[in-house]
Structure formats: structure tokens, C-alpha cells
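K.L.:
Protein chains in written order, with this note's numbering: chain Z, 9 to 270; chain F, 19 to 413.
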């Protein structure tokens, strides 16, 4: 499968957007930890904007940055998240331990895994198809594979966005997500002025051990958030050098990516 | 899109285990909804609960996956010879060429609810709680993939109540992109307090069994179900086989939990499915409605169907009066209903509805009709403004 990469986005500790992070991702400037500031989504009406959680704000901010050079309403979307809106789900689980069991209707509709996708559609006025997927530690690879398959099979432009926010206790203790992180990219069916790189992707059975994350501060982030497993791809895109990547999938397979700059 | 063959299929719902139980219930007009007895569920709501589920054991080597959702998945894999049919496909294509695309809205969260009630005094979850293999969305496709000995791509889709239908579309994408030759698709969703109390909080639960399209309909009855289908390229399908002919999706871009009132999103998904099948609306003989029984959904869907097919343009109905709304499983379950309608020449009239809402412009069946049914359009809509339609039938 082949697709081209257009607009890009990253949001995480010390990574405040693609442009501001490109040198760090390319290894030309040191990464320094800094709080991840996520703006409320300007695309939503004020009443909705105030109610959005960190998970939704992360997803929308990254998606908006990646889609900045496009008509955002014309993009199909793949939103990938391991935990979904863990803060909302955690609050509901907490409320359900009360014998009365009453929960907030707004929290309930915000608990669905496709909440971020729903707000994206509302925010940009899109009626394009959208999927929301999970995949635990392999969320990025699983989502990217499906997004690339949609590009390849149907020739559509697809916005791929991976995001995860920290979980509240007690869930935090059973699912490590210590920092917010989001990455997004527009996948194109053909090369164009906005294309930055071409990706050839392959799904292949492979049980050899996963490649260890680079032994630097940025590499250490990969273990802190499932969406940060996008970092090897983001770093390769920032360096603009031909790179071969192997992202683990399902414990017995890999997503192989050959990246070449345009 | 290239049509895909429905080589095997199975379902377990409140109507019982297997496609024949579903078929018999549809013909005999026997519903599966009962007054709710699910612990922690809201008072007075009727449910489509699967009996005997609590006693289902998973294979010992997969015991870590044990939760209500995977028990129901296991029950379905053992039904209708489904696991054996997938095994044969695995032998034909190779394990790495069979994908698993499954939808669920809540996966094993009922297990997490139990774990929250067993927290230690300091608030920690019990040590035996397996988040990754129960709560996590990929629990369902991982369980099914491992249980069936498959090595192809696997996808956990969670687009609320369109998840099950959407799995068909995403599997078609994988096959068309050359990543797989066959796919296990479908959905599993099971009763849990979160879903039941959530719909109660939105005041969307019916006081009795749900009655989609009735003038005095008053909401949803929640059900649980597993439904699986094995999709393969249709080249080798015998003439007359029931196929997945098309699939299409759209977003409302309107509101998180209320549909766009004119049904524009629904029209978009139906059009996309018809386009994918290379059909005009006249090529459809029956529309299986999402038809949840809420005031807003059914009115919106009636407008959407009438917009596309014209006033009284095509017979349509909802089967939620039989099964309840099985959420992320409903689209897959109703794909199997659609196949039965084609095989048997059946338009199942909405159960428990004497007369359709007189305001409606579409031709809502309230009694079973015998009629040639070559192709069915089946709708699913969900929170977040997610819409997905499938075309099931003969080429």
C-alpha cells in the first residue's frame, strides 16, 4: 500500500505543534520537558467548547493543525485512541458504584469512543465518513494501517489522528498514560504540492522482538502514552531521510513502513 | 465496491442462539424482550438479555479474556458451526490472510464495573482485574483472532451504535487494499450498568418493550448480542448467493446524541451504500431501519427514507422490537436479518406495533409480509453523528 503524507501535527510535553517541534523531532535541537498546553477548540461553539475534555481538545488540536492546508470538511477521518475519554469513563464508573447509579447524560454521550470524531464533524461541518478505533499499545499502527488502506482502496484523502490523555485513578494504575500526546497527519492518494513524504506500508507476520525506542529523552516518551508510539514515524518525517520502520502489531505481526521524502 | 460473499454467519441474542432461532422468531413474531432483571439496571426498563451467558467458560489458555462480552463472543463462535467455517477459510487462504474487524461500544466494561465494586480501602482495583484483555476495546478482536487461530490484521472499531455495520465496510476496505482475502466481521455488545444508566439519564428508555415507528413510541429497549459474518471475495460464490453488495458511511456533523432532524446524514450513508453497490433506490426491496423506537430517531429516519425512496416508496421496518437495541452489535445482527429476508422473501413487520405513526411518509410494515426480496438496505446510526448503511442481497 502506498500513500503520501501531507499536513502534520504533534502535541505533547515539549512538543507544542509540528512547526515548533520539527527541529526537536529531527534531532537538531534538544527535547526539554515542558507542560503540554492544549487550547480549547476554537472550531466549536462556546457552550460545547467549555465542556470539552482534555482528550477531545488534544484530538481536535492535532487534527486541526494537520488539516490546516486542506478543506477539513472534505477529509475522511480515522481517530485512533487506546483509552478514549478515560476521564469521562472513569467518572461514570465512579458514579455507578453509588447504589442509585445515576450518571450525567452529557458525560454518557461524551463517553463513546467516537466522541472526538463527533466533535470534529460538528466543528468543521463535515459529513465525511469517520471511524474511531482502539488497539491498546498498537493503537497507532492499527489506525495507520486502516487509514492507509482507505486511501489505497478508495483513493480518498484521509486525516489520521492518534491521541490519548492520562487516566484518572484507579484506572491510571492499570493503564500507563502519564502525559498527554497526540499526532495527526493527512494521508493522500497521490503526490501533490503538499506531499512531504511517500509511505509504502505492509502488514507482515513477524515475531522477532520489537525495535527498542531510541535511548534518548524523546524515545523515553514512547512508553508514557500509547499515542506516542507515533514518535518513530514523526521523527523519520522530520529528518526527511529515507527510513524503514517496523511498528509492532498484535504480538505476532508488524506494520512495515518504508518512508521516502518527496 | 466488489461484492463480498457471506460465507458463514452466526448470532446470539435474546432470541436465542443461532440463525435458525432468529429466523423462527421473525416468522413466528416472538420477541425476546422481558422486564429487566439486570443487577444495577434502571427500574422498569425491558431488556433483550441473553440467558445462560454467565455460565459460559472460555478455553483455559484464554481465561484472562473472561468478561461478559467475550463470553457472548465465545457463545456465538460455537454456534452455527461458525468457528469451523472460519477454520476452513483459514486453511484456504492462510491464517495471515484472514482479517478480524469487529465493533463494540463498551467491550468488557461490565468487568470494570465489577472491579470498581471490589476496590480495596485505598481505592485500588483488584489485582486480578485484567484491563488489557477485558476493558480495552481490542479485547474483542484479540480474543476472536486468537481463539480462531488467525494471523491477519485485526481492528477494534468503536463508532457507538454503527460499530457492527461499520466492521463490514472496514473489512471491505482491507480486502480491496489487498491486505486480506477474507475477514471475520461483526459486533458484540453486552448489558452493563454504564449503558443502561446512560440511556436512562438521557430519558430514552421505553417503559415497556420498544415499539419502533408507533405513533406513541416512547424509547429504546436495550439488548445484548453477538453477530459474526465471514466475508470473502465473491468470485467463487455459487449463483444466487446472498452477498454484501455495498456499504457506505457518513457523519452528521450536527450533535453528539441527537440526529440531524432532516436525516441528511442518514441519506448520505444510504446513498453511499447504494453507490457502492451500483444501485438506484429502485433496486432495493426492503429497508431494515435502524428504528430504535425513540421519537427523534424514527422521525428522522422516516424523513430520510421518504427523501430517497419517495412517499410509500419501499417497505421498511425495524426488528428492534424483537431483540432490543443491541448497540454495537445491531448492525451486524441486522445484516443477518437482511440475509434471512432475502432467503425467505420476508418483510418482518415491526413487532408490537398496531399502526405506524400516521405522520410517517414511508411504508412501514407492522405485520409480516411475504414478498420477493432481492436486496435489503440496512441502516445503523449512532452517537457522535455516525451513520452506516449496508446493501445485502443477490447481485
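In this text, a Cβ means the ideal position worked out from N, Cα and C, and glycines have one as well.
Just to confirm the assignment: which complete beta strand (DSSP E) runs, minimum length 3, are found wholly within the region 53-79 of chain F?
P.N.:
Runs of the beta strand (DSSP E) inside the region 53-79 of chain F: 64-66.
K.L.:
Please list, in chain order, the chain F residues whose beta carbon lies closer than 9 Å to that of residue 214 of chain Z.
P.N.:
Simply none; closest approach about 10 Å.
K.L.:
In the DSSP assignment, find the unbroken alpha helix (DSSP H) run with residue 359 of chain F in it and report its ends.
P.N.:
Segment 348-362, the alpha helix (DSSP H) holding residue 359 of chain F.
K.L.:
Going by CA-CA distance only, name the one from F:326, F:158, F:247 that's closest to residue 410 of chain F.
P.N.:
Per the Cα distances, F:247.
K.L.:
Is it the case that the Cβ atoms of residue 308 of chain F and residue 397 of chain F are separated by a distance below 8 Å?
P.N.:
Closer than 8 Å, so yes.
K.L.:
In its own chain, which residues sit with a C-beta less than 6 Å from the C-beta of residue 39 of chain F, not counting the 5 before and 5 after it?
P.N.:
Excluding residues within five positions, the ones whose Cβ falls inside 6 Å are 33.
K.L.:
Check each candidate in F:401, F:390, F:400 and name the one with the smallest Cα separation from residue 412 of chain F.
P.N.:
When only C-alpha atoms are compared, the closest one is F:390.
K.L.:
Which residue from F:335, F:271, F:114 puts its Cα closest to that of residue 53 of chain Z?
P.N.:
Of the listed residues, the one whose Cα sits closest to residue 53 of chain Z is F:271.
K.L.:
My output table needs one value for residue 157 of chain Z: the three-state DSSP class, helix, strand or coil.
P.N.:
Of the three classes helix, strand and coil, the one that applies to residue 157 of chain Z here is helix, per DSSP.
K.L.:
Grab the span of the alpha helix (DSSP H) containing residue 66 of chain Z for me, first residue to last.
P.N.:
Where residue 66 of chain Z is concerned, the enclosing alpha helix (DSSP H) stretches over 62-74.
K.L.:
Does DSSP put residue 240 of chain Z in a helix, a strand or coil?
P.N.:
In the structure shown, residue 240 of chain Z sits in a helix (DSSP, three-state: H, G or I).
K.L.:
Residue 164 of chain Z CB to nearest chain F CB: under 8 Å?
P.N.:
No - not a single Cβ of chain F is within 8 Å of the one on residue 164 of chain Z.
K.L.:
Measuring only the C-alpha atoms, how far is residue 271 of chain Z from residue 136 of chain F?
P.N.:
An answer regarding residue 271 of chain Z cannot be provided, because it is not within the stretch 9 to 270 covered by chain Z.
K.L.:
For residue 96 of chain F and chain Z, any beta-carbon pair shorter than 8 Å?
P.N.:
No, no contact with chain Z.
K.L.:
For residue 203 of chain Z, which residues in the same chain have their Cβ closer than 8 Å to its Cβ, ignoring the five residues on either side in sequence?
P.N.:
These residues qualify, in order along the chain: 12, 13, 14, 196, 270.
K.L.:
Taking contact to mean at least 3 C-beta pairs separated by less than 8 Å, is the region 246-260 of chain F in contact with the region 280-289 of chain F?
P.N.:
The answer is no - the region 280-289 of chain F does not touch the region 246-260 of chain F, with fewer than three Cβ pairs under 8 Å.
K.L.:
Are the C-beta atoms of residue 7 of chain F and some chain Z residue less than 8 Å apart?
P.N.:
Only positions 19 to 413 of chain F appear in the structure, and residue 7 of chain F is not among them; the question remains open.
K.L.:
Taking residue 165 of chain F and residue 95 of chain F to be in contact with their CB atoms under 8 Å, please state how far apart those CB atoms are, rounded to whole angstroms.
P.N.:
That pair is a contact at about 6 Å.
K.L.:
Could you tell me whether the Cβ of residue 408 of chain F comes closer than 8 Å to any Cβ of chain Z?
P.N.:
No, residue 408 of chain F does not count as interfacial toward chain Z.
K.L.:
Is the region 315-329 of chain F touching the region 273-284 of chain F, taking contact as three or more C-beta pairs under 8 Å?
P.N.:
The region 315-329 of chain F, when compared against the region 273-284 of chain F, does touch it at the 8 Å Cβ threshold.
K.L.:
In whole angstroms, what separates the C-alpha of residue 20 of chain Z from that of residue 174 of chain Z?
P.N.:
Near 12 Å, if we compare the C-alpha coordinates of residue 174 of chain Z and residue 20 of chain Z.
K.L.:
Does the CB of residue 272 of chain F have a neighbour CB from chain Z at under 8 Å?
P.N.:
Residue 272 of chain F counts as touching chain Z.
K.L.:
Could you spell out the range, first to last residue, of the beta strand (DSSP E) harbouring residue 17 of chain Z?
P.N.:
Looking at the DSSP string, the run of the beta strand (DSSP E) that includes residue 17 of chain Z is 10-20.
K.L.:
Going along the chain, which residues of its own chain have a beta-carbon closer than 8 Å to the beta-carbon of residue 134 of chain F, five neighbours each way excluded?
P.N.:
Counting only Cβ-Cβ distances below 8 Å, and skipping sequence neighbours, we find 143.
K.L.:
Find the residues of chain F that neighbour residue 101 of chain Z, judging by a C-beta separation of less than 7 Å, and give them in chain order.
P.N.:
Under the 7 Å cutoff, chain F gives 130, 131, 134.
K.L.:
Where does residue 205 of chain Z sit, in a helix, a strand or coil, going by DSSP?
P.N.:
Strand at residue 205 of chain Z.
K.L.:
May I ask you to report which of helix, strand or coil DSSP gives residue 46 of chain F?
P.N.:
Residue 46 of chain F: helix per DSSP, three-state reduction.
K.L.:
Are the CB atoms of residue 169 of chain Z and residue 269 of chain F within a distance shorter than 8 Å?
P.N.:
Contact: no.
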